[in-house]
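Only one structure is covered here, and it is reproduced in the block below.
Protein chains in written order, with our numbering: chain A, 29 to 262; chain B, 29 to 262.
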């Protein structure tokens, strides 16, 4: 039976050998929710980069460029970290470069994995069905907040682990904790998340519409996959 | 209102500045349960050290020496990591040197804190009453297992945070997660812990009596405090 592990923050990824595993990266508020949305709404590919300098370089090469730090759009870039941007504008066929405080760092730390996918509540079921069929060891990497554990990413890890269910061996206590957290919260994700510290941080930014959108389950049927440093649909 | 944070593993302690905080270190299975028991049963003081070499040095100077790696007693030392040893023998007045896989490392990583205390279910209520009266920022440091998050330490963090209650601001999502885990498990700690990966690891060592003992709430009224690199009763 394949093993399922959860790494609660990228700061702990060195404890989980990734080379033989499928990695699912999540950053619910808001990077991976943006990625699923952007590709579903017509963006051609996404290049996740760790620094604004790299992002700027790609912008100069003609990429649409999204940059977020501490929840805010960085000056001089086309977009921040709101998934709604991809519904409000038509970016069909554009290549997107993206850098965020947490999510793109988690992706870059996961690159040694055999396969890397992007998860969010927005693509939960299609992702879990796809992974079940793979029948392979899985590590879910939560992006957290500046190295710290974040509640909403833990919830998503628990949701995916719950969906994957009994076909996998729960191989670390973090996975077990995530599953319990999700069981507590699944009846009302938004109310559960309202208690978290990240929510309070983001609330100050007035992005409550973004948050509601990011908690919508199964809006999209698309799975972003990392392929040659680019995210493209499976 | 003072802040309450939980660091789920010593691998994340660099994210929590400790200098102005009271730190409570916990390693339920079994280092901090041993420490509370040893001092309560007559041990004079405990010197926690990170390596077996340091522990051996103190043994040669006349200390009683306890050393555990991967759950087992290390050859050539007087004791391993079983709290029951301190009930089965009379070590009254002895100085103890101790090194364990996780707990003593967590203590040594916490030394820059303004005050360091040792917590376990065995001294839960006396510790929480003492800390409430301090009215100061608190960081609970879970020892985990080789850097990874462990369920039983998370439960203890949640139990202590729940006891400290509304006198503290819950200042990170890890604290929030710990409180929820404890709320799920408090009716039957042993059954809850039986699902965890650490329990399965320890079960192989046939220490189920140790585990039951470590989950006993409020057996002792003693709080170990770190003072000049030694743990002594408050």
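The C-beta atom is built at its ideal place from N, Cα and C for all residues, glycine as well.
Close-in-space but distant-in-sequence residues of the same chain around residue i (CB under 8 Å, 5 per side omitted)
{"i": "residue 174(A)", "result": "129 and 130"}
{"i": "residue 229(A)", "result": "99 and 173"}
{"i": "residue 253(B)", "result": "143, 144, 145, 146, 259, 260, 261 and 262"}
{"i": "residue 237(B)", "result": "112"}
{"i": "residue 119(B)", "result": "66, 69, 70, 71 and 92"}
{"i": "residue 78(A)", "result": "127, 132, 133 and 136"}
{"i": "residue 189(A)", "result": "32, 34, 168, 196, 198, 203, 206, 207 and 210"}
{"i": "residue 154(B)", "result": "246, 248, 249, 250 and 251"}
{"i": "residue 7(B)", "result": "Outside the shown range of chain B, which is 29 to 262, sits residue 7(B), and nothing can be said about it."}
{"i": "residue 43(B)", "result": "35"}
Residue(s) in a DSSP beta bridge with residue i
{"i": "residue 252(A)", "result": "261(A)"}
{"i": "residue 84(A)", "result": "Bridge partners of residue 84(A): none, in fact."}
{"i": "residue 97(B)", "result": "100(B)"}
{"i": "residue 123(A)", "result": "73(A)"}
{"i": "residue 92(A)", "result": "124(A)"}
{"i": "residue 4(B)", "result": "There is no way to answer for residue 4(B), as the model of chain B reaches only from 29 to 262."}
{"i": "residue 54(B)", "result": "147(B) and 170(B)"}
{"i": "residue 244(B)", "result": "Per DSSP, none; premise fails for residue 244(B)."}
{"i": "residue 176(B)", "result": "173(B)"}
{"i": "residue 197(A)", "result": "31(A)"}
{"i": "residue 107(A)", "result": "94(A)"}
7 Å Cβ cut-off: residues of chain B touching residue i
{"i": "residue 226(A)", "result": "201"}
Neighbourhood of residue i by C-beta distance below 6 Å, restricted to the same chain and skipping five residues each side
{"i": "residue 248(B)", "result": "64, 68, 150 and 151"}
{"i": "residue 123(A)", "result": "72, 73 and 91"}
{"i": "residue 213(B)", "result": "183 and 220"}
{"i": "residue 87(A)", "result": "93"}
{"i": "residue 29(A)", "result": "197"}
{"i": "residue 140(A)", "result": "46 and 47"}
{"i": "residue 169(A)", "result": "35, 51, 53, 134 and 138"}
{"i": "residue 186(B)", "result": "206, 207, 209 and 210"}
{"i": "residue 165(B)", "result": "30, 31 and 49"}
{"i": "residue 41(A)", "result": "35 and 137"}
{"i": "residue 83(B)", "result": "77, 93, 95, 125 and 127"}
{"i": "residue 243(B)", "result": "149, 217 and 218"}
{"i": "residue 114(A)", "result": "65, 66 and 69"}
Partners in chain B for residue i, counting only beta-carbon separations shorter than 9 Å
{"i": "residue 204(A)", "result": "179, 223, 224 and 225"}
Residue i: contacting residues in chain B (beta-carbon distance under 8 Å)
{"i": "residue 43(A)", "result": "39, 174, 175 and 176"}
Contacts that residue i makes with chain D (C-beta to C-beta distance below 8 Å)
{"i": "residue 208(B)", "result": "No chain D is part of this structure, whose protein chains are labelled A and B."}
Residues that residue i contacts on chain A, provided the C-beta gap is smaller than 8 Å
{"i": "residue 36(B)", "result": "36 and 177"}
Cβ shell of residue i (< 7 Å), same chain only, five flanking positions each side left out
{"i": "residue 162(A)", "result": "50"}
{"i": "residue 257(B)", "result": "75"}
{"i": "residue 200(B)", "result": "33 and 34"}
{"i": "residue 181(B)", "result": "54, 55, 56, 170, 171 and 172"}
{"i": "residue 179(A)", "result": "221, 224 and 226"}
{"i": "residue 176(A)", "result": "37"}
{"i": "residue 39(B)", "result": "175"}
{"i": "residue 240(B)", "result": "218"}
{"i": "residue 80(B)", "result": "95, 102 and 127"}
{"i": "residue 60(A)", "result": "53, 54, 131, 146, 147 and 148"}
Point to revise | Cβ contact check for the segment 92-101 of chain B and the segment 217-236 of chain B: 3 or more pairs under 8 Å | key: yes
**Study point:** Interface positions of the segment 174-187 of chain B facing chain A (Cβ-Cβ less than 7 Å), listed along the chain
**Key:** 175, 176, 177, 178, 179 and 182
Review point. What residues in the segment 93-105 of chain A bring their beta carbon closer than 8 Å to a beta carbon of chain B?
Key: none
Exercise for review: Answer yes if the segment 39-52 of chain B comes into contact with the segment 102-110 of chain B, meaning at least three C-beta pairs across the two stretches below 8 Å, and no otherwise.
Suggested key: no
Practice item. Answer yes if the segment 107-119 of chain B comes into contact with the segment 30-41 of chain B, meaning at least three C-beta pairs across the two stretches below 8 Å, and no otherwise. Key: no
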